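This report refers to the structure that appears directly beneath it.
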DNA sequence: CAGTATATCGTACATTTGTACAAGCTGTCA
DNA sequence: TGACAGCTTGTACAAATGTACGATATACTG
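Chains as they are written, first to last, in our numbering: chain A, 95 to 218; chain B, 95 to 218.
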């Protein structure tokens, strides 16, 4: 099994990668259209980011007409796992509990979220 | 109230900042000593990172003997809040539930934790 | 007081990141 | 078929990042 370590994701790359995941398959234009309203960033920049994501191994593409259609080259799960892991290490020394507490105490998650979550984990 | 927006933290800076928080007050040497075993990074590099953290406004220092003693210049809480917020935005579009879910599914957090969490948020 | 161990300071430098323009292809529609 | 809208490619470039050396300053120790 080739569990090779892809080059790290930069913040902006992560932001773009998330949108590709969301769209499943996406052209540069598609990604641009999905950018949050306030995000002022040019088509060309999105394109560069997608190019880099592909070079780094996170995306692949096929051609449709004259456009590139990008899609995930590695499982989202795996990327999330690593990103969260790295983040946890850096900010909390790897201990997830403080993060959870933070989320709870700062209203990032509310009672409803907990309910949903409870259902999710119970089901497992 | 001066809620100014400090320059973003880089991953390595975050890593070092966490150690200063942990130590409360720390010299370059102290930080080096707290680095996890595998982390190969020179004294000089740690020093640069601390310098940058101070320039960015996250740390301040006073002198003790010939050494600088660094400590937090802004509340850890505030930094955490922003870091987690940014991270959540980039990777999950701001929705914390998938993150919690990830934590849950990887055995980092179990049903009991969620129960406690529920109580925590209910009480608020 | 002079030497030594320990600090900081100034600086450097290759990469990565964020951002984007300009030039050159290529479907498509009139 | 020829022009045009829409894409990609090549390239650029300043700023941030990760990493660290060499020179200089300074507190202790004998």
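All C-beta atoms, glycine included, are put in the ideal place defined by N, C-alpha and C. Just so it is clear, the structure is predicted and the values come from calculations on it, not from any experiment.
For a Cβ distance threshold of 7 Å, residue set 184 of chain B lies close to residue 109(A), ordered along the chain. For the set 146(A), 131(A), 132(A), the Cα lying nearest the Cα of residue 138(A) is the one of 146(A).
Relative to residue 97(A), the option among 184(A), 172(A), 186(A), 190(A) whose CA is nearest is 172(A). No Cβ of chain B is located within less than 8 Å of the beta carbon of residue 168(A). Residue 178(A) places its beta carbon 8 Å or farther from that of residue 120(A). Residue 139(A) is outside the set of residues whose beta carbon lies under 8 Å from a beta carbon in chain B. At least one beta carbon of chain A lies nearer than 8 Å to the beta carbon of residue 212(B). Interface annotation, residue 181(A): in contact with chain B, CB-CB separation under 8 Å.
Assignment of residue 99(A) by DSSP, reduced to helix, strand and coil, places it in the coil class. Using a CB distance cut-off of 8 Å, residue 118(B) does not count as an interface residue toward chain A. Taking C-alpha positions only, residue 158(A) is separated from residue 170(A) by approximately 23 Å.
Closest in C-alpha terms to residue 195(B), from the list 203(A), 184(A), 189(A), 211(A), comes 211(A). Nearest CB-CB separation between residue 177(B) and chain A: below the 8 Å threshold. Contact check for residue 113(A) and residue 128(A): beta-carbon distance about 5 Å, within the 8 Å limit, so the pair qualifies. Within the same chain, 129 come within 7 Å of residue 135(A) by CB-CB distance, once the 5 residues on both sides are set aside. Within a 10 Å sphere around the beta-carbon of residue 206(A) sit fewer than 16 other beta-carbons, which makes this residue exposed. In this structure, the beta-carbon distance from residue 152(B) to residue 185(B) does not fall below 8 Å. If you look at residue 177(A), you'll find it in the alpha helix (DSSP H) that goes 170-186.
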